[in-house]
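Undergrad: Read left to right, the sequence shown gives residues 643 to 796 (the working numbering). Think of the CB as a built atom: it goes at the ideal place given N, C-alpha and C, for glycine as much as any other residue. Provided herewith is a single structure, encoded as structure tokens, for subsequent inquiry.
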Amino acid sequence: MQIPAESIERLLGIDWFANIGSPMTLADARQIERNELHAALTSDTWEATTLEARNSITARLARLHHQRYQAWNELAVRAKAMLQPVWEKLPIARDDDALLADLQWNLHAYLMEAAYREALVPPLFFDSLIQVYEAGHIPCGWDGEWPNGQLVIC
Numbered sequence: 643m644q645i646p647a648e649s650i651e652r653l654l655g656i657d658w659f660a661n662i663g664s665p666m667t668l669a670d671a672r673q674i675e676r677n678e679l680h681a682a683l684t685s686d687t688w689e690a691t692t693l694e695a696r697n698s699i700t701a702r703l704a705r706l707h708h709q710r711y712q713a714w715n716e717l718a719v720r721a722k723a724m725l726q727p728v729w730e731k732l733p734i735a736r737d738d739d740a741l742l743a744d745l746q747w748n749l750h751a752y753l754m755e756a757a758y759r760e761a762l763v764p765p766l767f768f769d770s771l772i773q774v775y776e777a778g779h780i781p782c783g784w785d786g787e788w789p790n791g792q793l794v795i796c
């Protein structure tokens, strides 16, 4: 199992947070104001949503692809190391704990999802979050009970 190099290249090509405060061009998402971002990022709903999305990956792998799932921990360590160039590129203060923690969680999960992409059923949740970052916004919440509902972005 490998983490696709193009996944890291994709992250390195993002113009991070370039459109915060601008009207969104993403369909099927609700946009919030910048002053609501911290509360959204630290909400129990958003944490539960991203945790459930990640758990759905590991549950499927454990149930249907047990042999390949055995590489998860080793891949997780490699994914963490592979993200280092991305952290150096981010235009955020290192003391923005909520945003940094959320990014670490989402980007790491995206790399794991990419590594196991062929064993998963689309649409891929963390890939959809990367599309939000690519649009210059920040995914930061969920309206509804995942997987039903709507993404919240800033």
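1) Tell me whether Q746 sits in a helix, a strand or coil according to DSSP, three-state version.
2) Using the beta-carbon count (16 or more within 10 Å), is L703 buried or exposed?
3) Helix, strand or coil: how does DSSP classify L793 here?
4) Considering only their Cβ atoms, is the gap separating W688 from C782 smaller than 8 Å?
5) Looking at S649 and L753, is the spacing between their C-beta atoms short of 8 Å?
6) Tell me whether the beta-carbon of N748 lies closer than 8 Å to the beta-carbon of L771.
7) Answer with buried or exposed for D744, where buried requires no fewer than 16 other C-beta atoms within 10 angstroms of its C-beta.
8) Relative to the alpha-carbon of D659, which residue among V763, L741, A718 has its alpha-carbon at the smallest distance?
9) Ordered along the chain, which non-local residues of its own chain (more than five positions away) have a Cβ less than 8 Å from that of A682?
10) Assign A669 to one of two classes, buried (16 or more other C-beta atoms within 10 Å of its C-beta) or exposed (fewer than that).
11) What number of angstroms, rounded off, separates the C-alpha of T692 from the C-alpha of I645?
12) Could you tell me the distance, in whole angstroms, from the CA atom of N697 to the CA atom of N661?
TA: On the basis of the data shown:
1) In this structure, Q746 counts as helix in the three-state DSSP scheme.
2) Its Cβ being crowded by 16 or more others within 10 Å, L703 is buried.
3) strand
4) Cβ atoms of C782 and W688: closer than 8 Å.
5) yes
6) Contact flag set, yes.
7) buried
8) Note that residue 659 is Phe in the sequence shown here, rather than Asp. Ranking the options by Cα distance to F659, first place goes to L741.
9) These residues qualify, in order along the chain: I674, W688, C782, G783, V794, C796.
10) Here A669 is exposed. Its C-beta has fewer than 16 other C-beta atoms within 10 Å.
11) Put simply, the backbone Cα of T692 is about 20 Å away from that of I645.
12) 30 Å
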